[in-house]
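K.L.:
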Amino acid sequence: MCCWASCYERINTNMAEGTPVQDHVLKMTSHLNKLEILGANIDREIQIDIVFQSLSESFTQFHLNYNMNKHSFVFYGGIT
């Protein structure tokens, strides 16, 4: 499997219910950083959306609040 396909597969994984969100976000950030190293130019908002989409169902309200209130988040480790 090529590097792009491998990274794409990883960022399309979803967080298992009960998994610590910090661990999951760090893992997703690492995957997005790998894509950047490979030359991907992924917009900040798209990166945030990829992370939100990968979260478990219990974070649906958090995602909705983010979108409704246009919060600004800084993820450490590459997503800014």
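Just so you know, the sequence shown maps onto residues 8 to 87 in this note's numbering.
Even glycine gets a Cβ: it sits at the ideal position worked out from N, Cα and C.
(1) Rounded to whole angstroms, what's the CA-CA distance from residue 19 to residue 50? Just pull it up for me.
(2) Quick one: residues in its chain with C-beta nearer than 8 Å to the C-beta of residue 56, no 5 flanking neighbours on either side, listed in chain order?
(3) Along the chain, where does the alpha helix (DSSP H) that runs through residue 66 open and close?
(4) Can you name the start and end residues of the alpha helix (DSSP H) that residue 40 belongs to?
(5) Put residue 56 into one of helix, strand or coil per three-state DSSP.
P.N.:
Well, looking at it:
(1) Within the sequence shown, numbered from 1, the residue matching residue 19 stands at position 12. Within the sequence shown, numbered from 1, the residue matching residue 50 stands at position 43. Cα to Cα, residue 19 sits roughly 17 Å from residue 50.
(2) Counting from one through the sequence shown, the residue named residue 56 turns up at place 49. So the list is empty, once near-sequence residues are dropped.
(3) Taking the first residue of the sequence shown as position 1, residue 66 is located at position 59. Careful: residue 66 lies outside any alpha helix (DSSP H) and carries neither H nor E.
(4) Here the question's residue 40 lines up with position 33 in the sequence shown. Segment 28-44, the alpha helix (DSSP H) holding residue 40.
(5) One-based indexing of the sequence shown puts residue 56 at position 49. For residue 56, the three-state secondary structure derived from DSSP is helix.
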